[in-house]
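Below: the structure, in structure tokens.
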Amino acid sequence: GTAVTGNSFDPLTAGAGTYTLSYSYTDGNNCTNTNQKTVNVNLCTGIKEAANAGSFVVYPNPTSDNFTINFTTIDKVNVEVYDAIGKLVIAKQDVANSTVIYMDLFAKGIYNVRLISNNNCSVIRVIKN
Numbered sequence: 085g086t087a088v089t090g091n092s093f094d095p096l097t098a099g100a101g102t103y104t105l106s107y108s109y110t111d112g113n114n115c116t117n118t119n120q121k122t123v124n125v126n127l128c129t130g131i132k133e134a135a136n137a138g139s140f141v142v143y144p145n146p147t148s149d150n151f152t153i154n155f156t157t158i159d160k161v162n163v164e165v166y167d168a169i170g171k172l173v174i175a176k177q178d179v180a181n182s183t184v185i186y187m188d189l190f191a192k193g194i195y196n197v198r199l200i201s202n203n204n205c206s207v208i209r210v211i212k213n
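Sequential numbering from 85 applies to the sequence shown in this note's numbering.
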């Protein structure tokens, strides 16, 4: 599909819109199957001040390997973590309060953590040292 390279879909390349992604698989017995999923890509180009934007806490920051996300005014959020050059390195949907995000396999540096809920978006900068 659009913006698919190898096994990865890149929403930044695709841009805003609705996309259908297809997956095909053939096992060792020559049995095949195909599945499709429709994804919506919304623009979140910066920090949108939302009623719940101040209710997110990320700790520890700076971190040496993992950090926890806490929030109080909503049930679940989608979390995206981008490295310093803007590459999406982690994407999690329907994350519950007090979720640990594992960063131990990533390089030291500055990461932007994007928290999305109810079409609102907040970005928090996390330093991994």
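Ideal placement from N, C-alpha and C gives every residue a C-beta, glycine not left out.
- Query: Nearest-angstrom Cα distance between G170 and V197?
  - Reply: Mapped onto the sequence shown, residue 170 falls at position 86. Mapped onto the sequence shown, residue 197 falls at position 113. Each residue's alpha carbon lies about 11 Å from the other.
- Assess, as a yes-or-no matter, whether the region 185-197 is touched by the region 98-111 under the definition of 3 or more beta carbon pairs within less than 8 Å. No contact exists between the region 98-111 and the region 185-197.
- Report all residues from its chain with a CB closer than 7 Å to the CB of G130; omit the five preceding and five following residues, and keep chain order. Taking the first residue of the sequence shown as position 1, residue 130 is located at position 46. Low per-residue confidence applies at G130: pLDDT is 47, beneath 50, and the placement is therefore not dependable, though the value from the model is reported in the following sentence. Residues of the same chain with a CB within less than 7 Å of the CB of G130, apart from the 5 flanking positions on each side, do not exist.
- Query: Do F140 and S206 come within 8 Å of each other at the CB atom, strictly closer than that value?
  - Reply: The count along the sequence shown starts at 1 and reaches residue 206 at position 122. The count along the sequence shown starts at 1 and reaches residue 140 at position 56. Yes, they are a contact pair.
- Would you kindly check if the distance between the Cβ of G193 and the Cβ of A168 is under 8 Å? Taking the sequence shown and counting its residues from 1, the one referred to as residue 168 is at position 84. Taking the sequence shown and counting its residues from 1, the one referred to as residue 193 is at position 109. Contact annotation: A168 and G193 have beta-carbon atoms nearer than 8 Å.
- Task: Enumerate, from N- to C-terminal direction, the unbroken beta strand (DSSP E) stretches of 3 or more residues contained entirely within the region 155-195.
- Result: Listed in chain order, the complete beta strand (DSSP E) runs (minimum 3 residues) inside the region 155-195 are 160-166, 172-180, 183-186.
- Where the alpha helix (DSSP H) containing T86 begins and where it ends: Taking the first residue of the sequence shown as 1, we reach residue 86 at position 2. Taken as a continuous stretch (DSSP letters only), T86 belongs to no alpha helix (DSSP H), as it is neither H nor E.
- Query: How should I211 be labelled, buried or exposed, when 16 other C-beta atoms within 10 angstroms of its C-beta is the threshold for buried?
  - Reply: As a first step, residue 211 is located in the sequence shown; it is residue number 127 there, counting from the start. Sixteen is the threshold: since fewer than 16 other Cβ atoms of the shown chains lie within 10 Å of the Cβ of I211, the residue is exposed.
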